[in-house]
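Asker: Numbering (the working numbering), first residue to last: 1349 to 1482.
Mind looking over this structure? Questions follow.
Okay, here's the thing in C-alpha cells:
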C-alpha cells in the first residue's frame, strides 16, 4: 500500500545562499538572463560575420556585445571560403543567428540590437537570394 513521504527531501546545492542561510544557487533576474542570452547570440553572429569578412557589420555587433558583457568579445579570423555553397552556408547561419538575437532583443525591449539584428537578417537574406539566382 502507498504511504506518503512525511519528511521534506534533502537537496544539496552548491554556491550562493538563501535568505534563511541555506546554501543554494545564486539567482539572476530575468533581465540578466536575457542579457546573457542576447550577448551569446550576438557573439556567435559576430564570429560568423568575422568569417565572412564584413568589417563594418562586425564592428557594430562587437560594440553591442561589449555593451552587454562589459568586455570586448573574442574575434574570429576571416574564413577563406571560395565555393558558393560554403558562403551560402555561412550566410544562412548568420541569418539564423541574427533571427535569434532579434527575438531576444525584442523580448528585452532592446531597440538598438533589434534594429541591428533585423538589418543583418535582411543583408544575409539578400546574399542568399543573390546566390540562389546564379
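Yeah, the Cβ is synthetic: ideal placement off N, Cα and C, and Gly gets one too.
Whose C-beta lies closer than 8 Å to the C-beta of residue 1466 among residues of the same chain, with five residues either side of it excluded?
Answerer: Position 118 of the chain shown, counted from the first residue, corresponds to residue 1466. Correct list, in chain order: 1446 and 1450.
Asker: To test your reading of the DSSP string, which unbroken alpha helix (DSSP H) runs of 4 or more residues are found completely within the region 1421 to 1476?
Answerer: Whole alpha helix (DSSP H) segments, 4+ residues: 1432 to 1455.
Asker: Taking Cβ positions, are residue 1476 and residue 1440 nearer each other than 8 Å?
Answerer: Within the chain shown, numbered from 1, the residue matching residue 1476 stands at position 128. Within the chain shown, numbered from 1, the residue matching residue 1440 stands at position 92. In contact: residue 1476 and residue 1440 (Cβ atoms closer than 8 Å).
Asker: Which residues in the same chain as residue 1401 place their Cβ atom closer than 6 Å to its Cβ, once the five residues preceding and following it in sequence are excluded?
Answerer: Looking up residue 1401 in the chain shown gives position 53. Once the five neighbours on either side are set aside, the close Cβ partners of residue 1401 are 1426.
Asker: Are the Cβ atoms of residue 1386 and residue 1461 separated by less than 8 Å?
Answerer: Mapped onto the chain shown, residue 1386 falls at position 38. Mapped onto the chain shown, residue 1461 falls at position 113. Yes, the Cβ-Cβ distance between residue 1386 and residue 1461 is below 8 Å.
Asker: Comparing alpha-carbon positions, which option in 1414, 1405 and 1438 lies nearest residue 1383?
Answerer: Residue 1383 sits at position 35 when you count from the first residue of the chain shown. Considering only alpha carbons, the answer is 1414.
Asker: Count the other C-beta atoms from every protein chain shown that fall within 10 angstroms of the C-beta of residue 1397, then say buried if there are 16 or more, exposed otherwise.
Answerer: In the chain shown, residue 1397 corresponds to position 49, counting from 1. Residue 1397 is buried by the Cβ-count criterion.
Asker: Counting C-beta neighbours from all protein chains within 10 Å, is the total for residue 1432 16 or more, i.e. buried, or is it exposed?
Answerer: Reading the chain shown from its first residue, position 84 is the one you call residue 1432. The residue in question, residue 1432, is exposed, as its Cβ has fewer than 16 Cβ neighbours within 10 Å.
Asker: Is DSSP giving residue 1478 helix, strand or coil here?
Answerer: Your numbering for residue 1478 matches position 130 in the chain shown. Residue state, collapsed to three classes: helix.
Asker: For a test of the three-state rule: what should DSSP assign to residue 1418, helix, strand or coil?
Answerer: Position 70 of the chain shown, counted from the start, is the residue given in the question as residue 1418. Note: residue 1418 maps to coil in three-state DSSP.
Asker: Please name the residue in 1403, 1420 and 1479 whose C-alpha comes closest to that of residue 1435.
Answerer: The sequence position of residue 1435 within the chain shown is 87, counting from 1. Nearest option by C-alpha distance: 1479.
Asker: If you reduce the DSSP assignment to three classes, tell me which class residue 1394 lands in.
Answerer: If you number the chain shown from 1, residue 1394 lands on position 46. If DSSP states are grouped into helix, strand and coil, residue 1394 belongs with the helices.
Asker: Drop a sphere of 10 angstroms on the beta-carbon of residue 1409, count the other beta-carbons inside from all chains shown, and report buried for 16 or more, exposed for fewer.
Answerer: Here residue 1409 refers to the residue found at position 61 when the chain shown is read from its first residue. Burial call: buried.
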